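The listed protein sequences derive, respectively, from chains A and B. Per the numbering used here: the first sequence ends with 107, consecutive numbering throughout. Per the numbering used here: the second sequence ends with 114, consecutive numbering throughout.
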Amino acid sequence: ETGVTQTPRHLVMGMTNKKSLKCEQHLGHNAMYWYKQSAKKPLELMFVYNFKEQTENNSVPSRFSPECPNSSHLFLHLHTLQPEDSALYLCASSQDGAGSRNSPLHFGNGTRLTVT
Amino acid sequence: QKEVEQNSGPLSVPEGAIASLNCTYSDRGSQSFFWYRQYSGKSPELIMSIYSNGDKEDGRFTAQLNKASQYVSLLIRDSQPSDSATYLCAVIVNSGGYQKVTFGTGTKLQVIP
């Protein structure tokens, strides 16, 4: 299996639920990212990990909690979400850290999240 | 002012025509520019990168960069229905002392058979 894999593809959860999104990359990259994509809005960077260390938290509410146990795996733990958090959540990886001109982003297929 | 601006479209072109997608950015110090294509229900995929002023060609795709005007464009020659997708412009901008990839909202392209 190659590329960036995200599970689940679709998730419906209530506002009181706790769930987790999973991302795995098989590209040998050193940086991993969480992006949020909402209708009519640009991709919003949420979190960045370089070599398992979080290097950016883009003012994301604490109801989103990332975890990066190693360079190949990234999780996004969700709890007490709001309906406005419904969106497509995309995981991405790159060879080098964020902003490297020679290190484009490779995206997973995303998790379509609906909060009811 | 938005960091990266694109017309959301949709941009409709007939099959075989040239599609022209435009993007402007606010950070004059930006050095790296990318075009991603995103089919409906799919993830973005990189199709072009450009770093220097001028044109860069790859098959039917040409990226154009004008740093003085803070403008980057993507031309698609001989447009095909399979080119119908949303095209995202991405720019590496300086933010708080470090660099990050910033995306525009994307332009939806429809190629009419």
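Beta carbons: idealized from backbone N, C-alpha and C, even for Gly. Note that the structure is a prediction, hence the values are computed from the model and not measured.
- Listed in chain order, the non-local C-beta contacts of serine 13 (chain B) below 7 Å within the same chain comprise Gln111, Ile113, local neighbours out to five positions each way being set aside.
- Taking C-beta atoms as the reference points, glutamate 15 (chain A) and lysine 27 (chain A) fail to come closer than 9 Å.
- If you draw a straight line from the Cα of serine 83 (chain B) to the Cα of asparagine 8 (chain A), it comes to about 40 Å.
- Around the Cβ of histidine 1 (chain A), a 10 Å sphere holds fewer than 16 other Cβ atoms; the residue is exposed.
- In terms of beta-carbon proximity, leucine 47 (chain B) lines the interface with chain A, with at least one pair separated by less than 9 Å.
- Excluding its 5 nearest sequence neighbours in each direction, methionine 49 (chain B) has C-beta neighbours in its own chain below 8 Å: Phe35, Trp36, Lys57, Asp59, Phe62, Ala64, Leu75, listed in chain order.
- At least one CB of chain B lies nearer than 9 Å to the CB of glycine 99 (chain A).
- If you look at glutamine 39 (chain B), you'll find it in the beta strand (DSSP E) that goes 34 to 39.
- By the 16-neighbour rule on beta-carbons within 10 angstroms, valine -5 (chain A) is buried.
- Straight through space, the alpha carbons of threonine 25 (chain B) and arginine 103 (chain A) are spaced by roughly 29 Å.
- Look at alanine 91 (chain B): its C-beta is under 9 Å from a C-beta on chain A.
- Interface flag for leucine 96 (chain A) against chain B is set, since a Cβ pair is found closer than 9 Å.
- Here aspartate 84 (chain B) carries a helix assignment [DSSP, helix/strand/coil].
- For the segment 35 to 59 of chain B, the set of residues with a beta-carbon nearer than 9 Å to any beta-carbon of chain A comprises Phe35, Tyr37, Gln39, Gly42, Lys43, Ser44, Pro45, Glu46, Leu47, Ser50, Tyr52, in chain order.
- Per DSSP, the beta-bridge partners of aspartate 56 (chain B) are B:Gln65.
- Measuring C-alpha to C-alpha distances from valine 51 (chain A) to each of A:Leu69, A:Lys43, A:His64, A:Val3 identifies A:Leu69 as the nearest.
- By the CB criterion at 9 Å, alanine 83 (chain A) and leucine 67 (chain A) fall outside the cutoff.
- Selection A:Pro57, A:Gly5, A:Gln45 evaluated against aspartate 76 (chain A) yields A:Gly5 as nearest (Cα-Cα).
- Against lysine 32 (chain A), the close residues of chain B are Thr106, in the order they occur along the chain (beta-carbon pairs closer than 9 Å).
- Only those residues of the segment 62 to 81 of chain A whose C-beta falls short of 8 Å from the nearest C-beta of chain B are listed: Leu81.
- From the beta-carbon of valine 5 (chain B), the residues of chain A found nearer than 8 Å are Pro33.
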